[in-house]
Amino acid sequence: MRDYILLTDSTADLPQHLVDELNISVFPLLFELDGKSYHNYPDNHELSPENFYNYLREGKNSITSQINSSTFQEVFSGFLEQGKDILYLCFSSGLSGTYQSSRLAIEELQEKYPDANIRTIDTLCASLGEGLLVYLAAKMKLDGKSLDEVADWVEANKLNLCHWFTVDDLIFLKRGGRVSTAAAVVGTMLGIKPVLHVDNEGHLIPRQKVRGRKASLDALVEQMEKTAIDPTSQTVFISHGDCLKDAEYVAEQVRKKFGIKDIVINFIGPVIGSHSGPGTVALFFIGSER
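Numbering (numbering that gives the first Met the number 0), first residue to last: 0 to 289.
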């Protein structure tokens, strides 16, 4: 069996220590802030997440762009030249064209490397939801599972990867077309906080509205209570838009309700954070359905 690379993109928001521990390769996506381009690396060495969110709070605009197929060909070719096969777990096609670009690249490369096994999977996931799926796949790889065994497991289980979000500032959802201008203005005045999830098509969808920040954070845990499979044995991921105390509050509620010990908390990176904004908190777990 040929060795293979487990590759994902930086929208998985995995912390550097897990990338290192699990031998995951991460392709850094790009964002542009105040006219300057940055790579979104897991160690954030080009721009810290604290500075990124402070820039957003100051009113600066961050723009993200899709990676084209030729860039993917360069990245994939580097591994293929080493004699490695590739399993790429990709950002949701419901939120980006990244997956389609990777497919086009693979179609071109299969002619040059006919014996290589190159698979790309549309995870239909985002942020640490994508990260949790990659984490579980990486554990399987370390246990000796083949590329196809891991890929087949991901395809069979990705729609059980539950994503529940809330945001503190509706203006960023308004910019992305998730809520109307009127809803954003009225919601802000009344302290209305949306609770959203990522659906089976990989889209970010509003599911309910609650009044007040604490109620919105509690609502994430309530959603986990409804669908989580054997929660006490799970590793749960929580991501946040520079609001660590709120993420820690959610983690504490999860520990109290389910007795979960393994919880990973990390920043929402700038590629996703450009659209969700400061104050976003998201909870990720395995459930019976999204």
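Each residue gets a CB set at the ideal place from its N, CA and C atoms; glycine is no exception.
- In this structure, the straight-line span from the alpha carbon of Thr122 to that of Glu154 is close to 8 Å.
- Counting the other Cβ atoms within 10 Å of the Cβ of His274 gives 16 or more, which makes it buried.
- Contact between the segment 218-227 and the segment 268-284 is present, with at least three C-beta pairs closer than 8 Å.
- For Leu28, the closest alpha carbon among the candidates Gly128, Glu45, Ala214 is that of Glu45.
- Note on His196: 16 or more other CB atoms within 10 angstroms of its CB, so buried under the neighbour-count rule.
- Taking C-beta separations shorter than 7 Å and ignoring five residues to either side along the sequence, the partners of Met0 in its chain run Ser145, following chain order.
- Between Phe236 and Val263 a beta carbon distance of about 5 Å is seen, short of the 8 Å cut, so the two are scored as contacting.
- In the structure shown, Gln207 adopts extended strand secondary structure according to DSSP, grouped into three states.
- Straight through space, the alpha carbons of Gly190 and Gly211 are spaced by roughly 6 Å.
- Residue burial is scored here from C-beta neighbours: Leu141 has fewer than 16 other C-beta atoms within 10 angstroms and is therefore classed as exposed.
- Here Ala11 has Glu129, Gly130, Val133 as same chain residues with Cβ atoms under 6 Å from its own Cβ, once five neighbours each way along the sequence are excluded.
- Ile66 has its alpha-carbon roughly 15 Å from the corresponding atom of Gly93.
- Per DSSP, the beta bridge partners of Ala227 are Gly286.
- CA-CA distance, Asn159 to Thr226, rounds to 9 Å.
- In the DSSP assignment, Leu5 is bridged to Leu86.
- Residue environment: Lys83 is assigned as buried (16 or more neighbouring CB atoms within 10 Å of its CB, all protein chains considered).
- For Asn50, the enclosing alpha helix (DSSP H) has its first and last residue at 48-56.
- Within the same chain, and ignoring the five residues on either side of Val194 in sequence, the residues whose Cβ sits closer than 8 Å to its Cβ are Trp163, Phe164, Thr165, Pro205, Arg206, Gln207, Lys208, Val209, Ser215, Ala218, Leu219, Gln222.
- Ile4 and Ala115 have their C-alpha atoms roughly 12 Å apart.
- Counting every other CB atom within 10 Å of its CB across the protein chains shown gives Ile271 a total of 16 or more, marking it as buried.
- For Leu28, DSSP records a beta bridge to Asn39.
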